[in-house]
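Engineer:
Below is the structure:
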């Protein structure tokens with residue numbers, strides 16, 4: 268639980284505070300004093316009577332009643348200290364920075380349980396143990412540096428790791444990012460990242476509360492809670508960026524399907540973030556860059572104008588934007604010619620708009636004005652302006668400052684000369700701006716923000732899925748891999764299009780079916796899981812004789828119980844799969860089939876059930892998406908039908924949690940439509 272005493276305590280005791288600021292307790296007291304904490308401050312130290320000008324008590328029993336305790340004593344002493352404070356001194360908020368608990372030993376875990384029991388019995392809040400603390404506009408309850416500038420419009424930052432939190436703050440400060448609060452949750456014994464988000468959501472006040480959140484998460488303890496409150500905050504107008512650390516596949520088990528081989532617990536996190544509308548980042552620089560983007564005017568399109576006096580950085584930025592599916596449209600025609608006439612000879616206006624190194628602040632203002640008022644197709648403006656030694660940067664940055672206030676389109680400043688023009692950049696930041704010193708990092712951050720979908724609607728429709736039939740089928744199936752007939756029946760109940768096929772051990776029946784649908788056909792063994800590995804797939808069978816030969820050959824292979832015959836269809840192979848992840852539910856995978864899934868692992872993830880917005884976002888995030896759109900004269904895939912199939916599959920999974928793993932590979936896109944050609948489904952009951 269989070270309470271008022273944890274956020275705005277009227278009195279604080281530092282247990283273990285000292286005059287030695289090189290120790291955690293001493294630094295805690297120093298930070299509280301430097302932060303001009305306005306409440307009553309007490310210290311407990313058995314060997315000191317005065318700590319940094321604050322009266323010190325020899326024992327916790329000696330202090331008056333107090334609202335918050337920040338504890339910096341050895342772990343072994345914590346249970347007794349907490350019990351006295353909670354029962355006798357009516358403390359309602361605890362921050363325990365001490366280490367040596369469950370993160371280290373079994374004995375430490377026992378101490379941690381004792382501490383939690385006392386705090387819960389008192390109805391109090393706990394942050395930690397094993398954390399750096401909490402700081403906000405009311406108090407700086409940490410034993411570390413740096414202490415950022417706090418502001419109501421700053422960023423709320425919640426971190427699983429104390430040390431990482433400090434490095435992220437360092438990254439943010441160089442950009443001019445302000446903070447509203449910083450939470451280091453440590454062992455998260457009572458309150459973790461999800462619990463703090465829940466408090467922020469349930470108590471959100473759009474007038475006074477920050478609308479920007481940064482998260483550093485090492486373990487998603489409660490996916491449902493994270494999804495519920497992150498998406499709720501975003502719907503209320505907030506924006507959230509997060510790093511989820513620990514994405515290695517090293518612990519992944521061997522799997523018998525493409526889905527099992529590709530999907531990991533990180534895929535579930537990816538899917539969860541997509542459903543919640545969280546912008547996922549993978550580094551400290553990405554996280555703080557995205558948070559800075561949040562604080563600026565909202566981007567409402569994908570068309571970017573680059574205004575620069577340095578060609579190279581502009582080219583690298585254009586590449587980064589293009590890689591992130593943002594556009595740098597060519598600017599041409601009479602308006603572009605008019606702009607060029609107002610710049611110096613040698614300037615270029617095609618986009619990037621290069622005012623060249625001798626361009627003046629007036630030329631910068633002119634280029635920005637044209638992007639704002641004359642080039643209607645432009646949605647956002649990125650300005651790269653560093654030191655050339657030819658002008659006063661204060662003048663150029665003053666122009667940029669005024670234009671950022673005047674223009675309706677967002678303007679993103681890249682001021683790279685943070686060493687040679689450090690004072691000028693800092694002066695710009697002090698006017699309330701942020702600065703992006705690296706163009707590629709900004710381009711990547713913009714792409715992450717723009718490509719992250721809005722939170723999925725919690726309500727969903729059935730879209731033709733016969734839920735009653737799905738349940739009837741699943742209830743009557745055994746555990747294990749389903750036979751082709753049962754797979755087909757289940758997919759049909761979900762209204763997933765199927766290719767015609769016949770399964771039999773009777774060669775005459777299979778031959779008659781092949782004549783009915785017409786050659787060429789495909790023959791596959793039934794029984795073995797890995798058909799291709801044993802020679803159990805034969806393509807482009809064009810004659811009756813060839814089919815009979817393949818049937819006889821395949822029936823002699825190990826564990827074969829029958830043969831499946833289908834028409835030989837041609838088209839673009841797609842992939843669709845799902846895997847059940849504990850605590851998260853079903854992760855749905857989509858991508859192109861063949862080499863794209865087998866070798867390149869080009870797939871994207873969503874959490875069932877899926878909305879259409881989520882599904883289109885998944886499809887369009889694929890590296891192979893240009894193939895789906897159609898490229899170089901080749902016909903593309905019907906994107907709507909592909910999305911229909913993915914959505915229906917996700918609804919099937921929502922009502923059939925017994926399905927633990929499945930592949931539809933390939934899902935074939937042909938001139939006549941999309942068809943599930945081959946599928947495997949594994950059930951556990």
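Residue numbers (this note's numbering): 268 to 952. Built from N, CA and C at the ideal position, the CB exists for glycine as well. Quick caveat, the model's predicted, so the values are computed rather than measured.
1. Which runs of the beta strand (DSSP E) fall wholly inside the region 640-693 and span at least 3 residues, in chain order?
2. If the criterion is Cβ atoms closer than 8 Å, does the pair residue 449 and residue 432 meet it?
3. Buried or exposed: which applies to residue 506, given that a residue is buried once 16 or more other Cβ atoms fall within 10 Å of its Cβ?
4. Taking the alpha carbon of residue 306 as the point to measure from, which residue in 389, 679, 333 and 504 has its own alpha carbon closest?
5. From 947, 710 and 592, pick the residue whose C-alpha is nearest to that of residue 797; which is it?
6. Count the other CB atoms within 10 Å of the CB of residue 411; is the residue buried (16 or more) or exposed (fewer)?
7. Where does residue 559 fall in DSSP's three states?
8. Cα separation between residue 664 and residue 289?
9. Please report how far the alpha carbon of residue 763 lies from the alpha carbon of residue 735, in whole angstroms.
10. Is it true that the region 458-469 meets the region 405-420, where meeting means three or more beta-carbon pairs spaced less than 8 Å apart?
11. Which word fits residue 317, buried or exposed, when buried means at least 16 other C-beta atoms lie within 10 angstroms of its C-beta?
12. If you count every other CB in all the chains shown that lies within 10 Å of the CB of residue 419, and 16 or more means buried, which is it?
13. What did DSSP end up calling residue 524 once you bin it into helix, strand or coil?
14. Who are the Cβ neighbours of residue 780 in its own chain at under 7 Å, not counting the five residues just before and after it?
15. Less than 8 Å between the beta carbons of residue 647 and residue 626, yes or no?
16. According to DSSP, what are the bridge partners of residue 928?
17. Just to confirm the assignment, what range does the beta strand (DSSP E) spanning residue 480 have?
18. Within 8 Å, do at least three Cβ pairs link the region 629-649 to the region 543-559?
19. Just to confirm my understanding: we take residue 886, look at its own chain, exclude 5 residues before and 5 after, and list those with CB closer than 7 Å. What are they?
20. Return the chain-ordered list of same chain residues with a C-beta closer than 6 Å to the C-beta of residue 384, the five sequence neighbours on each side being excluded.
21. Reducing DSSP to helix, strand and coil, say where residue 853 ends up.
22. Buried or exposed: where does residue 496 fall if 16 or more other Cβ atoms within 10 Å of its Cβ makes it buried?
23. Please identify the residue among 862, 775 and 447 whose C-alpha is closest to the C-alpha of residue 476.
24. Should residue 482 and residue 701 be called a contact, given that it needs their Cβ atoms to be closer than 8 Å?
25. Check residue 763 in the structure and name its three-state DSSP category.
26. DSSP three-state call for residue 578: helix, strand or coil?
27. What are the boundary residues of the beta strand (DSSP E) that residue 362 is part of?
28. Could you tell me the distance, in whole angstroms, from the CA atom of residue 589 to the CA atom of residue 502?
29. Find out if the Cβ-Cβ distance for the pair residue 338, residue 291 is shorter than 8 Å.
30. Would the region 832-841 and the region 800-818 be scored as touching if the rule is three or more Cβ pairs under 8 Å?
31. Report the option in 751, 918 and 777 whose CA atom is closest to the CA atom of residue 738.
32. Do residue 362 and residue 330 count as a contact pair if the criterion is CB distance below 8 Å?
33. Can you tell me where the alpha helix (DSSP H) holding residue 345 begins and where it ends?
34. Tell me the residue span of the alpha helix (DSSP H) that contains residue 862.
35. So residue 250 packs on residue 354, CB below 8 Å; how close in whole Å?
36. Residue 837 by DSSP, collapsed to three states: which one?
Structural biologist: The answer reads as follows:
1. 647-651 and 678-681
2. yes
3. buried
4. 333
5. 947
6. buried
7. helix
8. 40 Å
9. 16 Å
10. no
11. exposed
12. exposed
13. With a pLDDT of 46 at residue 524, under the threshold of 50, the predicted position of this residue should be treated as unreliable, and no value is reported.
14. 769 and 832
15. no
16. 846 and 949
17. 479-484
18. no
19. 857, 892, 895, 906, 909 and 910
20. none
21. strand
22. buried
23. 447
24. no
25. coil
26. helix
27. 360-363
28. 29 Å
29. no
30. yes
31. 918
32. no
33. 345-355
34. 862-865
35. Outside the shown range of the chain (268 to 952) lies residue 250, about which nothing can therefore be said.
36. coil
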